[in-house]
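Working notes, beginning with the structure itself.
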Amino acid sequence: MTLRYSSFSDRVLAAAAAGFSGIGLGAVDYLDARRSEFTEEQLADYVSRHGLRVVELEFLADWWREADVRGVRLEEDLLFYLADLLHVPQINVGLFAEVPFDVQRQQFRRLCTRAADHGVRIALEFMPYSTLPRLSAARELIAAAGCDNAGLMLDAWHWHRSGGTLDDLRTLAPSEVFAVQLCDATATPHADLRHEGRHGRLLPGEGVVDIAGFLATLGEIGVDLPLAVEVLSDELDARHPVEAARAAAQSVISLTGDRAAVA
């Protein structure tokens, strides 16, 4: 989502130029690539030829529906198709609709069961402006579903803006955490957190989020995962994709002192 408005080819080129080893894709990226006359065989080849792999697909929010209504399952179907086509191990999901917990549990279990048939993990993301506003809510749903291929997406911005603490992270087992996304936040929250989350995030290290503590605590509990950078920012959107990707990579290198951290 850091390069959310870039074409498929531009995203691949920018990520490779910045030194990343992986990218995320969504259904719209697949459609963009096909409209740009990439064949399905060329998609995987283009990614690997630039030294990259697709590490995650996103973002699925309508998985809670009990039956297909006016094609809402189309995005889900396409993401699983892409997971098979590009050998992607993970799909990221969240929840914005006000849905009874029994329906959440039932449909999340359905989604995870379907994902298991494709060898895919489901990373559930909590957001302060969503139906799952805190870490505890996401953990509760994952536990209720009881599926081994379900785990947490930990986004530093969402953790900070939801009032999360380092002690909250210390309650986690490393097996619960499937993915980590880095981004930063301003000192004063926007009145509309949804708007801020989609338009006003900062590069890691540019704001007030205790990212050093966030990463150190995850390390203490045994989480050892690649780091993703997800900065939804109007300012970053205005930059050339290569410039934006390089800024994202450098922000993590500056924080960790490790060029391999952007892998």
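Here numbering that gives the first Met the number 0 is used: the sequence shown runs in plain steps of one and ends on residue 262. All C-beta atoms, glycine included, are put in the ideal place defined by N, C-alpha and C. On a predicted model such as this, the values are computed, not experimentally measured, just so you know.
Return helix, strand or coil for residue i, following the three-state DSSP convention.
{"i": "residue 87", "result": "coil"}
{"i": "residue 227", "result": "strand"}
{"i": "residue 220", "result": "coil"}
{"i": "residue 183", "result": "strand"}
{"i": "residue 62", "result": "coil"}
{"i": "residue 133", "result": "coil"}
{"i": "residue 262", "result": "Because residue 262 sits at a pLDDT of 44, beneath the cut-off of 50, its placement in the model cannot be relied upon, and the point is left open."}
{"i": "residue 238", "result": "coil"}
{"i": "residue 71", "result": "coil"}
{"i": "residue 27", "result": "helix"}
{"i": "residue 96", "result": "coil"}
{"i": "residue 47", "result": "helix"}
{"i": "residue 8", "result": "helix"}
{"i": "residue 161", "result": "coil"}
{"i": "residue 35", "result": "coil"}
{"i": "residue 112", "result": "helix"}
{"i": "residue 246", "result": "helix"}
{"i": "residue 188", "result": "coil"}
{"i": "residue 104", "result": "helix"}
{"i": "residue 209", "result": "coil"}
{"i": "residue 78", "result": "helix"}
{"i": "residue 255", "result": "helix"}
List the DSSP bridge partners of residue i.
{"i": "residue 273", "result": "Only positions 0 to 262 of the chain appear in the structure, and residue 273 is not among them; the question remains open."}
{"i": "residue 196", "result": "Its beta-bridge partners do not exist; DSSP assigns none."}
{"i": "residue 154", "result": "180"}
{"i": "residue 124", "result": "152"}
{"i": "residue 201", "result": "183"}
{"i": "residue 232", "result": "199"}
Measure the beta-carbon distance from residue i to residue j and round it to whole angstroms, keeping in mind my assumption that it falls under 8 Å.
{"i": "residue 200", "j": "residue 183", "result": "7 Å"}
{"i": "residue 179", "j": "residue 153", "result": "5 Å"}
{"i": "residue 143", "j": "residue 104", "result": "4 Å"}
{"i": "residue 244", "j": "residue 2", "result": "6 Å"}
{"i": "residue 22", "j": "residue 53", "result": "6 Å"}
{"i": "residue 56", "j": "residue 19", "result": "Actually they are not in contact, since the Cβ atoms of residue 56 and residue 19 sit about 16 Å apart, beyond 8 Å."}
The stretch 142-154 in contact with the stretch 183-194 per 3-pair CB rule at 8 Å: no
Meets three-Cβ-pair contact criterion under 8 Å: the stretch 76-93 and the stretch 26-42: yes
Meets three-Cβ-pair contact criterion under 8 Å: the stretch 203-218 and the stretch 134-146: no
At least three beta-carbon pairs within less than 8 Å, the stretch 57-66 to the stretch 32-49: no
Validate contact between the stretch 91-102 and the stretch 111-119 using beta carbons, cut 8 Å, 3 pairs: no
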